[in-house]
Amino acid sequence: MPAEITYLEAIREALFEEMERDENVFCLGEDIGAFGGAFKVTEGLMAKFGESRVIDSPISEIAIVGAAAGAGHMGMRPVVEMQFIDFIANAYDMLTNYVATARYRAFLPCPMVVRGPSGGYVRGGPFHSQNPEAGFIHTPGLKVVYPSTAEDAKGLMKAAIRDEDCVLFFEHKYLYRRIKGVMPAGDHVVPIGKARIAREGTDVSIITYAATVYKALEAAEQLAEHGISVEVLDLRTLAPLDDEAIIATVKKTNRLLIVHEDTRTGGIAGEITARVSESCFEWLDAPILRVTAADIPLPYSPPLEDYVLPQTADIVRAIRRLASY
Amino acid sequence: MAKAPSAPASATDITAATTAARPSDALTRAQKLELFYWMRLTRSLEEKLVNLYRQTKVVGGLFRSLGQEADAVGSAFALGRRDIMSPLIRNLGAMLVKGATPLEVLKQYMAKEDSPTRGRELNIHFGDTDRGFIGQISPLGDMVPVMSGVTLTFKMRKEDRVGLVFVGEGATSTGAFHEGINFAGVQRLPLVVVVENNGYAYSTPTAKQSAVKHFVDKAIGYGIAGEQADGNDVLAVYDAVKRAVDRARGGGGVTLVELITFRRRGHAEHDNQSYVPTGQIEEWEKHNDPLDRYLHVLKTEYAATDAEIQAMYDRIQSEIDAATDEAEKSGTPHPLDSLVGVYADPPSEQPLWFRRDAADNDAYGAERPESWGTWNVTKGSAS
Chain C
603 MPAEITYLEA IREALFEEME RDENVFCLGE DIGAFGGAFK VTEGLMAKFG
653 ESRVIDSPIS EIAIVGAAAG AGHMGMRPVV EMQFIDFIAN AYDMLTNYVA
703 TARYRAFLPC PMVVRGPSGG YVRGGPFHSQ NPEAGFIHTP GLKVVYPSTA
753 EDAKGLMKAA IRDEDCVLFF EHKYLYRRIK GVMPAGDHVV PIGKARIARE
803 GTDVSIITYA ATVYKALEAA EQLAEHGISV EVLDLRTLAP LDDEAIIATV
853 KKTNRLLIVH EDTRTGGIAG EITARVSESC FEWLDAPILR VTAADIPLPY
903 SPPLEDYVLP QTADIVRAIR RLASY
Chain U
1140 MAKAPSAPAS ATDITAATTA ARPSDALTRA QKLELFYWMR LTRSLEEKLV
1190 NLYRQTKVVG GLFRSLGQEA DAVGSAFALG RRDIMSPLIR NLGAMLVKGA
1240 TPLEVLKQYM AKEDSPTRGR ELNIHFGDTD RGFIGQISPL GDMVPVMSGV
1290 TLTFKMRKED RVGLVFVGEG ATSTGAFHEG INFAGVQRLP LVVVVENNGY
1340 AYSTPTAKQS AVKHFVDKAI GYGIAGEQAD GNDVLAVYDA VKRAVDRARG
1390 GGGVTLVELI TFRRRGHAEH DNQSYVPTGQ IEEWEKHNDP LDRYLHVLKT
1440 EYAATDAEIQ AMYDRIQSEI DAATDEAEKS GTPHPLDSLV GVYADPPSEQ
1490 PLWFRRDAAD NDAYGAERPE SWGTWNVTKG SAS
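One line per chain: the protein sequences are C and U, in this order. Oh and the first sequence: position 133 is 735 in this note's numbering, straight run, nothing missing. Oh and the second sequence: position 332 is 1471 in this note's numbering, straight run, nothing missing.
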């Protein structure tokens, strides 16, 4: 029986395997080389693959994302690390104006991954806790994945590296060392664009992703004791959304709660709500509800952060409301 | 008031500018005539585009490089066939040298279905990595990081290739320029960064763009080589860029080349240049036109005859006329082609439901009867 490894180790394993498999894969980022990255995701890569394939960069998010695009045009498969995903904002222009449009406007491929530690619940404050996925989901030409399990972290990273287009790979730092899994044998690749049923249920559906998958599962467990059967759908990929899986769960339970750690206004819950409304309005027995972060920059102090971010009790409360509607 | 091109500044490594041997000395007479051909072709093609623009056949904006043909042509002429260049909006001449054809440029401006970008992009925003030029985007400075990635690949693969990226003096104010050239410098990449200092970024004069007097001085801050040349002297441009290209190819890293020139037309054709002091444009036109200057050199130093020059004009005219006739015959893109190729997978987006008709349903599958939605989710979801 293979040993369990953490979510973080699963990502590292994917990087190792892909760099061994394909010499065009290389890593680029701040402090990723000898130091192994702020969270040690890339630890050991430089020792194994050398400085030319594990490149320590200046503090230059625009440059490393742009350079990855240029290298991608020439047939390389760069994996860029954002030290914290919050800093991806610095590369917003390069990602949205250059990378996302390159194939469409110029037939130039950008097979690249931009990955980084994301999310809160870690007392990281306003600039080390963000979930900036919504702006990129909104941009045609980018793919966005955000795994919740160690198995998916590995399998989706391998899929992202092999994808012909740019994939933004959000890694939840709360899950890095808390979540473990046993990796399936062989070349474990999880397809981009496919959601996963994390728990089967019949009364209410929760659609969520990343760290709040576990809050949703906790809530489902509590509610099961009160006779409410909750289905939890883990999206895994945010762009493109798995419409089939979303619609299937709505048709099964007829009640939908969407949970995300990202802020509320303009978050992906609104988009899912619109799609469900357009595609299976008559299957709904209750309004679609959202449990999300408040529209607040994420504060540092535990009572403040805990208040702003979605908690299990919030989900329980929302499910009860839906179940009794 | 026209200002004579400044003398080389006290930047690093520009001593080469004063050494005796000029790279252009190695060019043949035929190559020297060819330089004039590319400059004249650029100007004549743009003049044709002005006509088409006034006939509204150019459906978007028109960008001229009038007065800057030497800096574009001389720079690109210093590159090898497998080298890759990223042109900017005033570098039509550089693209022609690298193999772009007048027909492609005309179709692109006229937004034709078989234009290089199939009608997706405007003006000279197109590329071909095989011929060695990559299409620019409108946010300025972005191509510096991108070209650092292209040349990083050359370095990683130990390929004997060089990259060249054009930016205007205005783009040196962007974060992308700074991050890209700094990264390229640190990595000692085989990259030439050409800063075309043409006096204005849209309406903003150089003095409001930067406190530096000479943009070549920025090379010092990045620890890279610098070159400065008279951008309206095609051989001086060639010399400076060729030195930079040779340095890059020889493992000497990045060079910032400042080419001093002047933009004699507006940012685009709609721009009346009301912000330019009276007489300045005329002064450059009269005394510092790159074609006039080089024609004089060709006649006095290389014995170019009137017949030779006339034959070149005739050839250019017939090439442009033929290309225009052919470009006009091309059709406009099919609207549904707009949905194709955002991603490799899926290869096409689907038409939104309010843009579908029965024929589209044949192609994409009918929408489910209960759905007013946008997405074609048919599998296992029959009502």
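For every residue, glycine included, the Cβ atom is placed at its ideal position computed from N, Cα and C.
> Which residue's Cα is closest to the Cα of G1258 of chain U: U:T1471, U:Q1456, U:D1496, U:V1479?
Replying inline: U:T1471
> Residues in its own chain within less than 7 angstroms of V910 of chain C by CB, not counting five upstream and five downstream?
Replying inline: A895, A896, I898, L900, P901
> What are the boundary residues of the alpha helix (DSSP H) that E1421 of chain U is part of?
Replying inline: 1419 to 1426
>> Tell me which residues of the stretch 1303 to 1327 of chain U have at least one Cβ-Cβ distance to chain C shorter than 7 angstroms, keeping chain order.
In response: G1314, A1315, E1318, G1319, N1321, F1322, V1325
> Who are the near neighbours of M621 of chain C in its chain, counting only those whose CB is closer than 6 angstroms to its CB and skipping five residues on each side?
Replying inline: V627, F651
>> Determine, for R764 of chain C, whether the minimum Cβ-Cβ distance to residues of chain U falls below 8 angstroms.
In response: no
> What whole-angstrom Cβ distance do L825 of chain C and V832 of chain C have, given they're in contact under 8 angstroms?
Replying inline: 6 angstroms
>> Counting only Cβ pairs nearer than 7 angstroms, list the residues of chain C close to T1256 of chain U.
In response: R707, A708
>> If we require 3 or more residues per run, which beta strand (DSSP E) segments fall completely within the stretch 1328 to 1399 of chain U?
In response: 1330 to 1336, 1364 to 1369, 1394 to 1399
>> In the DSSP assignment, the alpha helix (DSSP H) including A1183 of chain U goes from what residue to what residue?
In response: The amino acid at residue 1183 of chain U is misidentified as Ala; the sequence shows Ser. First-last of the alpha helix (DSSP H) with S1183 of chain U: 1168 to 1193.
> If the cut is a Cβ gap below 8 angstroms, which residues of chain U does N699 of chain C touch?
Replying inline: I1276, S1277, P1278, D1281
>> Quick check on the burial criterion: 16 or more other C-beta atoms within 10 angstroms. Buried or exposed for R838 of chain C?
In response: buried
> Between which two residues does the beta strand (DSSP E) harbouring K745 of chain C extend?
Replying inline: 745 to 747
> Can the beta-carbon of I763 of chain C be found closer than 8 angstroms to that of V715 of chain C?
Replying inline: yes
> Considering only C-alpha positions, which residue in the set C:G868, C:H675, C:L859, C:Q732 is nearest to R705 of chain C?
Replying inline: C:H675
> With a CB to CB cut of under 6 angstroms and the five nearest residues on each side skipped, what residues in its chain are close to F618 of chain C?
Replying inline: none
> Just the Cα atoms here: how many angstroms apart are D836 of chain C and I664 of chain C?
Replying inline: 31 angstroms
> How long is the line joining the alpha carbons of A920 of chain C and L859 of chain C, rounded to whole angstroms?
Replying inline: 7 angstroms
> So is A636 of chain C in contact with chain U if we call contact Cβ pairs under 8 angstroms?
Replying inline: no
>> Please state the DSSP three-state secondary structure of T1471 of chain U.
In response: coil
> Is the stretch 1400 to 1414 of chain U close to the stretch 1331 to 1348 of chain U, with three or more CB pairs under 8 angstroms?
Replying inline: yes
> Which one or two residues does DSSP pair with L1235 of chain U in a beta bridge?
Replying inline: Answer is none; L1235 of chain U lacks a bridge partner.
> Rounded to the nearest angstrom, how far is the Cβ of A1466 of chain U from that of K1246 of chain U, given a contact under 8 angstroms?
Replying inline: 5 angstroms
> Taking the beta strand (DSSP E) that C629 of chain C falls in, what are its first and last residues?
Replying inline: 627 to 631
> Do you know offhand how far T875 of chain C's Cα is from P719 of chain C's?
Replying inline: 27 angstroms
>> Can you check whether the C-beta of A1250 of chain U is within less than 8 angstroms of a C-beta belonging to chain C?
In response: no
> CB-CB under 6 angstroms to L1374 of chain U, same chain, minus the five flanking residues each way: which ones, in chain order?
Replying inline: S1163
>> Check this for me: beta carbons of G783 of chain C and S1287 of chain U, under 8 angstroms apart or not?
In response: no
> Mind checking if V1301 of chain U is an interface residue toward chain C, Cβ cutoff 8 angstroms exclusive?
Replying inline: no
> By DSSP, does R801 of chain C sit in helix, in strand, or in coil?
Replying inline: strand
>> According to DSSP, P719 of chain C sits in a beta bridge with which residue or residues?
In response: C:E773
> Using a beta-carbon distance below 8 angstroms, is P889 of chain C in contact with chain U?
Replying inline: no
>> Taking the beta carbon of T1154 of chain U as the centre, do at least 16 other beta carbons fall within 10 Å, making it buried, or is it exposed?
In response: Note that T1154 of chain U scores 45 on pLDDT, short of 50, meaning its location in the model is unreliable; the coordinates nonetheless yield the value given after this. Exposed, by the Cβ-count rule.
> Is the beta carbon of I1363 of chain U less than 8 angstroms from the beta carbon of L1395 of chain U?
Replying inline: yes
> chain U partners of G737 of chain C, CB-CB under 9 angstroms?
Replying inline: Here the premise fails: no neighbours, minimum Cβ distance about 16 angstroms.
> Between the beta-carbon of N699 of chain C and the beta-carbon of P1490 of chain U, is there less than 8 angstroms?
Replying inline: no
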